[in-house]
Every structure is written in C-alpha cells, then in structure tokens.
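Position 44, counted from 1, in the sequence shown is what my numbering calls 126; the numbers after and before it change by one each time, with no gaps. Right, one structure below, let's go through it.
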Amino acid sequence: MNLIDALPIDWKIVLLKEICKIIVSNVDKHIFENEIPVKICNYTDVYYNNFIFSELKLSDGTVKSEELQKYSLRKGDVIITKDSEDRKDIAVPALVLEEMENVVCGYHLAILRPFSKKIDSGYLSQMINYAPINHQFQKLANGMTRFGLNICSIENAKIPIPDLNEQQKISEILMGCDLKITIINNLVNELKIRNKNISKNLISGRKRIQGFNNEWKFIPLENCLKNEIRLVEKPKEPFLSIGIRSHGKGIFHKPNFNPADIAMEELYEVKEDDLIVNITFAWEQAIAIVSKEDDGGLVSHRFPTYIFKKEKAIPEFFRHFILQPRFKYLLELISPGGAGRNRVMSKKDFLKLEVKIPSVEEQKAIAEVLDTANLELKLYEEKLRLLQEQKKGLLQQLLTGKTRVILR
83 MNLIDALPID WKIVLLKEIC KIIVSNVDKH IFENEIPVKI CNYTDVYYNN FIFSELKLSD
143 GTVKSEELQK YSLRKGDVII TKDSEDRKDI AVPALVLEEM ENVVCGYHLA ILRPFSKKID
203 SGYLSQMINY APINHQFQKL ANGMTRFGLN ICSIENAKIP IPDLNEQQKI SEILMGCDLK
263 ITIINNLVNE LKIRNKNISK NLISGRKRIQ GFNNEWKFIP LENCLKNEIR LVEKPKEPFL
323 SIGIRSHGKG IFHKPNFNPA DIAMEELYEV KEDDLIVNIT FAWEQAIAIV SKEDDGGLVS
383 HRFPTYIFKK EKAIPEFFRH FILQPRFKYL LELISPGGAG RNRVMSKKDF LKLEVKIPSV
443 EEQKAIAEVL DTANLELKLY EEKLRLLQEQ KKGLLQQLLT GKTRVILR
C-alpha cells in the first residue's frame, strides 16, 4: 500500500500549482555597479538550514530592480533546492520565518509561495521534507551528471493535505520539534569547537591547569610505552576482530569474524588501555587507545600493541594526545614511501619518537578536564539523536494521518 492509498478519506491529493505559486530563480552571485545591493539566499543556506531568517550570514550581491521585485523572499515562502549533482539532494526545503528587506532567492533554488487560504507554509515545508513525498521530487528530476527540476515538474508534484486548520496544528507540532533540534544541534557544534580549542591548548601546554607550574619535558616514547605481545592461536570459532579507522576515528569491531576468512594461523590479543596502531595507515593517524568494549579483540601482526609505563605516561592523557596534528606529523615522519599501503610505519622508529609531555599528575588533571568536556558533548549528541528519532516518528504519524491532531 502506498502513501496515497493509506491517507484518511477526508484528505485531498493536490498538485503544487493548485496551492502555491512557483518561482524559479536565476539570480547568480555577482556584484555590479549601478545595481541594487542585496543579500542572496544560496543553495547551501537552504541545504544546511530548516529555516531562513535574518540572523543567518547570507552572501552579498546585486540585482536589477525587476529581479528584486520578482525574487525577493517573503515570510512564509518555502525554498527548495531544484538541482544538484546528487539526486537525493533535490527538493531539500527551508521555510522563510520572517520578512527581510532586500533578500533574494539565489540560483539553483525555487520559491514555493503558498496561497494562504489553501496551504499552511510550515505544513508544506514539512511535507516536502517527508521521505515518501521528497522521493517523488527526486524521481521527477532529470539529467545525466547533474539532476534538476524544471518548473513543470515542480508544478505537477502531488501533495496530500488535510483541511487548513489541521495543517496548521501539524505544522505547529513539527516546527516546535524542529526548533528544539536546531537549538541542540547548534549547541553540539559549539561544544565541538570549544572542546577542540580546549584540547589543543591543554595538550600543547599553551594553557596550564591551576596548580601546575613544572616544565614539560621531551622524552622518547620508549620511556612511556612497552611493546606487549599476546600471541594466540587463531580461534576455530567466530571471534571479535577489531580494526582502526584513519584520521583518529577510533576502533571499530568486526564481530563473529569467520576464521576461514583469514590465512594467518596466529593472531594477537588486545587489552583495555593498550595503545594500538595500524602500521599500514599510521601516517593517516590510524591509532587508538583500547577501551573496555574492545578488550579481548584479536588483530594481525600489523597492529602492534603497547602498554603504558604509568610512572611516566597514562592512557587517559594519551587518548587525547595522539589525536593532535603534531602527533600525526610524527607518525608521517616514520612512515616513509609512496601513498597508501606502501607507507608502512617503522615500529622501531615509533618508540624513538620524542614527545613533550607533563608529569603524570598534570596528565591526570588534563585528562579529567577533557573527559568531562567530551562527556558533556556526548550527552547533547544523544539528546539530539533522540529528538531526531522523535521527529521521524511524528512525521510518520502526522503526515500520513495515522495520528490525527485535536482541533480546538
């Protein structure tokens, strides 16, 4: 059963041209003399934002007077992306929340201007963003290397609608959810920037934690680490195999790995708090500290493991230290050769790398600050995920009429 067949009997299926005016913009980014200065709402402004409002940093441009009259944005306009290199990026919507003087719609976009007595603009924006309806626009787009919607395709797209009062109530609920998502998403992005700056300053010693004044010292990694070899026979039953993502992205699991899929007869076990590195992609920062969830996983000989000499260094500090650009640079130095798999890290040279670190006591203090900051970020990321799941569920219920709103 498709979406239309499942709709309540009192909902209608209408063409977009019946409920809104469609305006396809041809305003490109330029600044010419003798034209009117404007702000231009571009493709990326729509793609990355649910709402368009005055606080967004829009591009400067100029237009002719007739272009200003034709393409100026109004409160309640729904803007959609009308062409893209990727079909899935067609008809991404954004709702204009307020009146803004001299703001025009840019190229690669189309304005849907709702007829106020037929369609609620918030409802229209939500419906276009709903996957089954959005997929319709993707199928209407044509092209080879770049996909695009022409005005006829947009006009003849079909939208299911209840009566206007129900549209407005649905819009109120979903936009309220979007507002919460936007607030939390902005906070997550701010925390990521904050954490990056805190880490860079504390790990480099540019900023010190109160109470610590001793000078940091350069010492070779062999003073901090010891290569730990835990050789085991390849299991006869499926086992937990682990790998390391490049660019400091951490360890990933390959659970229930089939022993028949690997030719080696001997593997190596990792333990919690080990430092582990992929010698093939060390130059891409494929290095990590083993967590409790990774404990007992098996790796090949290309993943040497090291334990910490805790009188000199601790894993809690190095979990952050190894992610710094300076450490990546050091790994590149000891990974000679061409690109890709030809750049194998020298295990011998790895332990000779000199790093500048503080005392263990200061390492603990730094790690505590950074772990606390990361925990706060993870809490908000989880909150964002839950809100997005809640919004997904609301879309499924409200935009299909499975759940009806109570009108007052």
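For every residue, glycine included, the Cβ atom is placed at its ideal position computed from N, Cα and C.
What first and last residue would you give for the alpha helix (DSSP H) that runs through residue i?
| i | result |
| --- | --- |
| Tyr189 | No alpha helix (DSSP H) holds Tyr189; DSSP gives it neither H nor E. |
| Val270 | 246-286 |
| Pro242 | From DSSP, Pro242 is part of no alpha helix (DSSP H) but of the beta strand (DSSP E) over 240-243. |
| Leu206 | 203-211 |
Under 7 Å Cβ to Cβ from residue i, same chain only, skipping five residues before and after it: list those, please.
| i | result |
| --- | --- |
| Asp127 | Ile134, Leu138, Leu140 |
| Ile311 | Tyr350 |
| Met83 | Residue placement at Met83 is flagged as unreliable, the pLDDT there being 46, under the threshold of 50; the coordinate-derived value follows with that caveat. There are no such residues. |
| Asn216 | Ala173, Ile210 |
| Leu412 | Leu435 |
Using CA coordinates, which residue listed in the options is at the minimum distance from residue i?
| i | options | result |
| --- | --- | --- |
| Lys240 | Ile324, Glu100, Gln249, Val270 | Glu100 |
| Lys465 | Ile265, Gly379, Leu222 | Ile265 |
| Val352 | Ala345, Pro341, His335, Val96 | His335 |
| Ile201 | Pro242, Ile193, Gln479, Val270 | Pro242 |
| Lys292 | Glu444, Ile488, Arg467, Leu452 | It is worth fixing the name first, because residue 292 is Gln in this sequence and not Lys. Checking every option, the nearest Cα to that of Gln292 belongs to Glu444. |
| Cys234 | Ile333, Leu98, His329 | Leu98 |
Under the DSSP definition of a beta bridge, which residues are partnered with residue i?
| i | result |
| --- | --- |
| Asp165 | Gly230 |
| Ile134 | Val178 |
| Asp142 | Lys121 |
| Ser417 | None, per the DSSP bridge assignment. |
| Ser323 | Lys336, Leu380 |
| Arg195 | Lys103 |
| Ser154 | Val186 |
| Val34 | With the chain covering only 83 through 490, there is no way to say anything about residue 34. |
| Phe300 | Lys438 |
List the endpoints of the continuous beta strand (DSSP E) containing residue i.
| i | result |
| --- | --- |
| Pro397 | Not the beta strand (DSSP E): Pro397 falls in the alpha helix (DSSP H), residues 397-403. |
| Asn56 | For the chain, the structure presents residues 83 to 490; residue 56 sits outside this window and is missing. |
| Ile389 | 387-390 |
Give a yes or no on whether the C-beta atoms belonging to residue i and residue j are separated by under 8 Å.
| i | j | result |
| --- | --- | --- |
| Ile301 | Ile439 | yes |
| Gln479 | Cys259 | no |
| Leu357 | Phe400 | yes |
| Ser207 | Leu177 | yes |
Within 8 Å of any Cβ in chain B, is that where the Cβ of residue i sits?
| i | result |
| --- | --- |
| Asp168 | In summary, chain B is missing from the structure at hand, where a single protein chain is found. |
Kindly list the residues whose CB is nearer than 8 Å to the CB of residue i, restricted to its own chain and excluding five residues on each side of it in sequence; keep chain order.
| i | result |
| --- | --- |
| Glu319 | Pro341 |
| Gly419 | Arg425, Val426 |
| Phe114 | Thr144 |
| Leu246 | Lys199, Lys200, Ile201, Asp202 |
| Leu469 | Cys259, Lys262, Ile263, Ile266 |
Keeping to the same chain, check which residues put their C-beta closer than 6 Å to that of residue i; ignore five residues upstream and five downstream.
| i | result |
| --- | --- |
| Gln250 | Asp202 |
Following a CB-centred definition, is residue i positioned closer than 7 Å to any heavy atom of the ligand HEM?
| i | result |
| --- | --- |
| Ser373 | In the structure on display, the ligand HEM does not appear, and there are no ligands present to speak of. |
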